[in-house]
Amino acid sequence: MKISFTINGKTQTVEADENTPLLWVIRDGLGLKGTKFGCGKAACGACTVQVDGGAVRSCSYAVKFAQGKSITTIEGLSQGKELHPVQQAWVEEIVPQCGYCQPGFMMATAALLDKIPQPSDDDIDENIVNVCRCGTYYRMRKAIHRAAKIKQS
Amino acid sequence: MHRHLRTCGLSLKACLYQSYYKNYPLTRKYDYMKDNNSVNIKSKPRRRFLIKASIGTAVILGAWAGIAPMRRIVAKKINEIDLEYENSYKPITWFEVKADNTIVLHSPKVEMGQGVFTGMAQIAAEELEVSIAQVQVVNAVSLDRPVDKFATGGSTSIAGLWDVLRELAAQMREMLRNSAANIWNVPAESLTIKNGVVTGKGQQLTYGQIVQKTTEWEVPKEVKLKDKKEYKVIGKAIPRIDLKPKVMGEPIFGLDVSMPGMLYGAVVRPDKIDATFKSADTSQAEKMPGVVKVVLEKDFVGVVAKTYVQAHNAKKAIKVQWKVNRVWQQKDIEDMLKVGEGTDFVIQKKGSAKRALREDGVIEASFSTPIGAHAHLEPNGAVALVEKNKATIKISTQVVNMTREEVAKRLELNTNQVEVQATFLGGGFGRRLHTPNAVQAAVLSKAVGKPVHVFFDRQEEFQNDTFRPPTHHVLRATLNKKGLIHAIEHNVSSGDVAFGSPLTPGYAEILAGADFGAWRGGMIQYEAIPNFRAVSWRVKLPFATSWWRSLGLLANTFAIESFIDELALKAGKDPVQFRLAQIQNDERGQRLKGVIEAAAKKANWGKPVPKGRALGFAASTDANTPVAQVAEVSIDNGRIKVHKVTCAIDPGIVVNPDGVRAQCEGAIIMGISASMFEKMEIKDGAVGPTIYGAYEMALMRDAPKEIDVVLLEGSSKPSGVGEPPLGPIGAAIANAVYQLTNQRLRSLPLTLA
Chain A
1 MKISFTINGK
11 TQTVEADENT
21 PLLWVIRDGL
31 GLKGTKFGCG
41 KAACGACTVQ
51 VDGGAVRSCS
61 YAVKFAQGKS
71 ITTIEGLSQG
81 KELHPVQQAW
91 VEEIVPQCGY
101 CQPGFMMATA
111 ALLDKIPQPS
121 DDDIDENIVN
131 VCRCGTYYRM
141 RKAIHRAAKI
151 KQS
Chain B
1 MHRHLRTCGL
11 SLKACLYQSY
21 YKNYPLTRKY
31 DYMKDNNSVN
41 IKSKPRRRFL
51 IKASIGTAVI
61 LGAWAGIAPM
71 RRIVAKKINE
81 IDLEYENSYK
91 PITWFEVKAD
101 NTIVLHSPKV
111 EMGQGVFTGM
121 AQIAAEELEV
131 SIAQVQVVNA
141 VSLDRPVDKF
151 ATGGSTSIAG
161 LWDVLRELAA
171 QMREMLRNSA
181 ANIWNVPAES
191 LTIKNGVVTG
201 KGQQLTYGQI
211 VQKTTEWEVP
221 KEVKLKDKKE
231 YKVIGKAIPR
241 IDLKPKVMGE
251 PIFGLDVSMP
261 GMLYGAVVRP
271 DKIDATFKSA
281 DTSQAEKMPG
291 VVKVVLEKDF
301 VGVVAKTYVQ
311 AHNAKKAIKV
321 QWKVNRVWQQ
331 KDIEDMLKVG
341 EGTDFVIQKK
351 GSAKRALRED
361 GVIEASFSTP
371 IGAHAHLEPN
381 GAVALVEKNK
391 ATIKISTQVV
401 NMTREEVAKR
411 LELNTNQVEV
421 QATFLGGGFG
431 RRLHTPNAVQ
441 AAVLSKAVGK
451 PVHVFFDRQE
461 EFQNDTFRPP
471 THHVLRATLN
481 KKGLIHAIEH
491 NVSSGDVAFG
501 SPLTPGYAEI
511 LAGADFGAWR
521 GGMIQYEAIP
531 NFRAVSWRVK
541 LPFATSWWRS
551 LGLLANTFAI
561 ESFIDELALK
571 AGKDPVQFRL
581 AQIQNDERGQ
591 RLKGVIEAAA
601 KKANWGKPVP
611 KGRALGFAAS
621 TDANTPVAQV
631 AEVSIDNGRI
641 KVHKVTCAID
651 PGIVVNPDGV
661 RAQCEGAIIM
671 GISASMFEKM
681 EIKDGAVGPT
691 IYGAYEMALM
701 RDAPKEIDVV
711 LLEGSSKPSG
721 VGEPPLGPIG
731 AAIANAVYQL
741 TNQRLRSLPL
751 TLA
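Line by line, the protein sequences give chains A and B. Under this note's numbering, the residue at position 104 of the first sequence is numbered 104, and the numbers go up by one with no gaps. Under this note's numbering, the residue at position 173 of the second sequence is numbered 173, and the numbers go up by one with no gaps.
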């Protein structure tokens with residue numbers, strides 16, 4: 001079936017089986033490879049994107065539900081050349097190691113800061129539940145607090 | 001001078017384009033400067049190629065550094081008879097100087113998060129006298145670049161490249177300086193270099209300009225490497241150079257590779273251990289939507305379809321018959337894996353521990369660790385394009401060379417007909433030290449004549465992992481009248497790590513005697529103890545076990561350092577002082593003492609801690625790097641909580657302090673994950689769990705809010721960093737838990753009674 005949505009500010013119409021996970025439409029259909037496949041069962045968060053501003057694990061979100069909605073991926077997080085506060089904070093804290101899970105974490109963090117502009121450590125623990133095997137959580141926590149400050153200023 | 005370079009020297013190649021445009025044949029005369037046993041290549045570049053080609057690259061520096069001595073002799077012989085450029089013994093490319101004055105460094109090591117690209121760039125920039133921004137690091141592709149003959153792993157990259165890279169970079173700098181001196185007709189010594197710009201008598205030339213103007217190169221016989229105190233780039237906490245693509249989500253990983261006309265493949269993998277492929281019924285799968293071809297081979301069956309989802313749906317419709325040799329249960333494995341079962345080999349011995357431990361008063365304890373999964377986030381996979389007499393593989397792998405050889409063998413091609421292009425790795429951790437999935441991708445591509453992308457789903461990753469082997473340890477010791485250790489023995493039983501790996505040649509097993517991966521970290525590091533002994537027991541398990549970041553270090557250090565803590569308390573001694581009192585007085589001992597004292601001091605060891613918390617201490621030595629850690633722990637609602645970890649590490653020369661800190665932080669968190677949560681088990685012949693969450697791992701909430709890293713530089717050379725800080729963490733936590741609860745936890749994952 002044909003499904004239309006906005007992705008990173010652009011309107012797109014895609015032809016896909018309605019139950020295809022949004023992840024594969026984004027990655028293979030639209031060629032936006034920043035959103036990662038980790039587990040296919042919404043268990044790791046590597047595929048996190050925003051749908052109408054909320055964090056969604058796109059590997060387990062059928063494309064039919066995206067009809068008429070606005071999707072943001074890591075490629076659309078920054079405004080042109082200007083980094084999003086979350087990306088800026090990630091750079092300043094030198095968060096990534098292998099980097100594979102990082103887009104998912106950044107998308108989840110951007111959604112968190114829209115909901116809770118100054119998250120406490122507990123807010124972070126409850127809301128950022130993606131998996132990072134390199135163990136960058138320690139720097140991520142610092143980066144999330146820093147991103148909140150950058151966004152406020 | 002570095003050993004390799006003293007015997008092999010350097011080559012400089014202009015007219016490099018021929019390696020890209022094979023239509024231009026190029027022959028080259030190699031001359032040898034016999035007096036200093038080094039190779040000086042006077043190239044006769046064809047200027048028209050230089051002018052014709054406008055891609056900006058102007059010169060490549062190649063060298064034989066890193067090629068095994070036997071092969072070097074062969075290379076020399078062949079080169080003496082004026083060989084064509086297209087030979088497999090040509091110098092390999094390390095650097096390219098581009099017209100825009102940037103340097104491309106072709107890395108023999110892959111970047112899997114450990115920061116090796118940044119470290120290499122710093123080392124090269126230092127001796128090249130360029131800024132870090134001028135250095136671009138790319139993966140060497142397998143044809144004529146410095147592909148590592150072994151692998152990226154074992155915490156060896158920076159330590160192994162330290163001399164080679166500095167030598168090559170310094171040679172190149174002097175060649176450029178000499179050339180500028182010739183152009184201006186002034187003495188080379190009168191010229192200064194900064195940021196890749198040579199200055200003399202009011203004139204300036206960039207490296208990029210020099211290579212455009214140079215046709216004959218003068219190779220210096222010897223170059224002087226900088227002293228540590230002269231370093232401007234090495235030792236600086238430069239942000240890792242791959243930050244931007246990683247923060248912007250650029251398509252840099254194997255899974256992100258796309259080729260025109262690319263199809264998707266899926267391979268059926270067993271869901272049981274000890275199972276081999278027999279046959280398959282593919283009739284249903286062939287009718288599934290999007291299927292291009294079902295490929296039935298003697299050892300596997302796969303399907304190629306237009307999309308990933310179609311390929312995986314069709315895969316589920318293939319009915320495979322497996323030969324299952326036995327339906328294994330967890331208890332079967334535990335019964336096999338006991339000290340005293342299998343074959344033993346003494347890996348360390350001093351004095352007469354065996355005799356001493358026959359006497360009365362022996363303190364004994366046993367420990368165990370479970371099967372561990374790699375659980376790296378980017379699944380294994382490969383993109384293959386097989387054409388007539390040629391195969392191209394793009395893959396996240398730690399073993400470029402082995403992958404090339406395996407693909408060549410299966411397709412019956414020569415290795416130089418297979419090009420393996422490594423990408424950035426979405427985690428390595430040892431899981432990609434064998435990537436035979438490239439062969440499957442190649443077979444599928446050959447069957448359909450198009451590029452095919454094949455990758456594991458998560459269940460396949462967990463089911464077909466090459467696991468960290470489970471271990472069982474027995475430790476025995478006696479104390480003397482002064483309350484120090486009189487004799488100690490560590491027995492470790494483990495599944496294979498290095499043994500049985502395609503990376504380990506058969507003769508190495510015979511030479512080594514015991515699995516050097518399994519016993520890593522299994523020796524007694526307190527060598528002032530008069531009698532000690534370590535024994536490695538090998539058990540062959542019915543599933544693949546192999547390299548997992550730090551190999552045996554995590555399990556062995558957990559057992560030994562928990563036991564040392566126990567002995568210290570039994571002797572009524574402070575665990576830190578107890579350790580310090582039994583360290584030998586050599587360089588290794590001094591460095592170990594250094595980290596133990598530094599960690600204790602930084603963590604305020606012996607001072608009061610917040611109510612409800614306790615400190616635990618542990619130390620290890622691995623890859624010539626000693627590490628000591630202090631864990632500050634509490635018990636919250638029956639759960640162990642690690643609040644803070646202090647880590648002192650001595651990796652010798654620190655190339656990038658921030659990179660070393662990042663590796664320590666990551667290793668500590670991965671170690672917390674493995675020590676407190678992770679466990680794979682066998683049930684009815686299948687390993688599980690097969691999904692994150694059920695396979696419990698450390699998340700944000702479990703990471704310490706404070707990690708203090710102290711860097712010591714107790715050696716004039718760099719040693720390993722990626723794995724050593726994984727050693728102490730398990731025992732440090734367990735030792736703190738003992739302080740809080742009087743429970744001695746002897747099994748991982750740590751679980752309170």
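All C-beta atoms, glycine included, are put in the ideal place defined by N, C-alpha and C.
Query: Count the other C-beta atoms from every protein chain shown that fall within 10 angstroms of the C-beta of L191(B), then say buried if there are 16 or more, exposed otherwise.; Result: buried
Query: Give me, in chain order, the residues of the same chain whose beta-carbon lies closer than 6 Å to that of Q525(B); leave out the 5 immediate sequence neighbours on both sides.; Result: T621
Query: Is the distance from the Cβ of G265(B) to the Cβ of V452(B) below 7 Å?; Result: yes
Query: Using the rule of at least 16 other Cβ atoms within 10 Å of the residue's Cβ for burial, across every protein chain shown, is N480(B) buried or exposed?; Result: exposed
Query: Is G616(B) helix, strand or coil when you go by DSSP?; Result: strand
Query: Under 7 Å Cβ-Cβ, which residues of chain A neighbour P725(B)?; Result: Near P725(B) there are no residues of chain A at all, since even the closest Cβ is about 10 Å away, more than 7 Å.
Query: Does the distance from the C-beta atom of T20(A) to that of V320(B) stay below 7 Å?; Result: no
Query: Which value, in whole angstroms, describes the spacing of the CA atoms of D28(A) and I7(A)?; Result: 14 Å
Query: Going along chain A in order, which residues have a C-beta closer than 9 Å to the C-beta of D658(B)?; Result: I94
Query: Since D515(B) and S493(B) are thought to touch, with beta carbons under 8 Å apart, how far apart are those beta carbons, to the nearest angstrom?; Result: In fact, because the Cβ distance is near 11 Å, the residues do not count as touching under 8 Å.
Query: If we ignore side chains and look at the alpha-carbon of each, how far apart do R146(A) and P85(A) end up?; Result: 8 Å
Query: Quick one: is A46(A) near chain B, going by C-beta distance under 7 Å?; Result: yes
Query: Please report whether the beta-carbon of D457(B) lies at a distance below 7 Å from any beta-carbon of chain D.; Result: The question asks about chain D, but that chain is absent: this structure's protein chains are A and B.
Query: So L726(B) and L503(B) are supposed to be a Cβ contact under 8 Å. How far apart are they, rounded?; Result: Not quite, the Cβ-Cβ distance comes to about 20 Å (not below 8 Å), so this is no contact.
Query: Can you find a CB in chain B that lies within less than 7 Å of the CB of C98(A)?; Result: yes
Query: Do E126(B) and I241(B) have their C-beta atoms closer together than 7 Å?; Result: no
Query: Distance cutoff 7 Å, beta carbons only. Does Y695(B) sit that close to anything in chain A?; Result: no
Query: Using a beta-carbon distance cut-off of less than 7 Å, what residues from the segment 274-301 of chain B approach chain A?; Result: none
Query: So, for E359(B): in the same chain, excluding its five sequence neighbours on each side, which residues have a beta-carbon less than 8 Å away from its beta-carbon?; Result: T478
Query: Report the rounded CA-to-CA distance for T741(B) versus F558(B), giving the unit in angstroms.; Result: 18 Å
Query: Looking at C-alpha atoms only, which residue of P689(B), G200(B), Q171(B) is the closest neighbour of A181(B)?; Result: G200(B)
Query: Does chain B have any CB closer than 7 Å to the CB of C59(A)?; Result: no
Query: According to DSSP, is D658(B) helix, strand or coil?; Result: helix
Query: Note down the Cα distance separating I668(B) from K350(B), rounded to an integer number of angstroms.; Result: 32 Å
Query: Reducing DSSP to helix, strand and coil, say where H374(B) ends up.; Result: coil
Query: Going by DSSP, name the residue or residues bridged to D281(B).; Result: K319(B)
Query: Excluding the five sequence neighbours on either side, which residues of its own chain have a C-beta within less than 7 Å of the C-beta of L296(B), listed in chain order?; Result: A280, T282
Query: Give me, in chain order, the residues of the same chain whose beta-carbon lies closer than 7 Å to that of K602(B); leave out the 5 immediate sequence neighbours on both sides.; Result: T646, A648, D708, V710
Query: Taking I669(B) as the query, report the chain A residues whose CB atoms sit under 9 Å from its CB, ordered along the chain.; Result: C132, C134, G135, T136, Y137, Y138
Query: Please list the partners that G196(B) has in chain A, where partner means a Cβ-to-Cβ separation under 9 Å.; Result: Neighbours of G196(B) on chain A: none; closest Cβ ~25 Å, over 9 Å.
Query: Could you compute how far the alpha carbon of E406(B) sits from the alpha carbon of N437(B)?; Result: 10 Å
Query: Measure the alpha-carbon distance for L225(B) versus A151(B) and round it to whole angstroms.; Result: 27 Å
Query: Against A375(B), what residues of chain A qualify as contacts under a CB-to-CB distance less than 7 Å, listed in chain order?; Result: R133
Query: Would you check if there are 3 or more beta carbon pairs closer than 8 Å linking the segment 742-752 of chain B to the segment 675-693 of chain B?; Result: yes
Query: Give the interface partners of Q87(A) over in chain B, defined as CB-CB distance under 8 Å, in chain order.; Result: V247, M248
Query: So that I know if they touch, is there some Cβ in chain B lying closer than 7 Å to that of V51(A)?; Result: no
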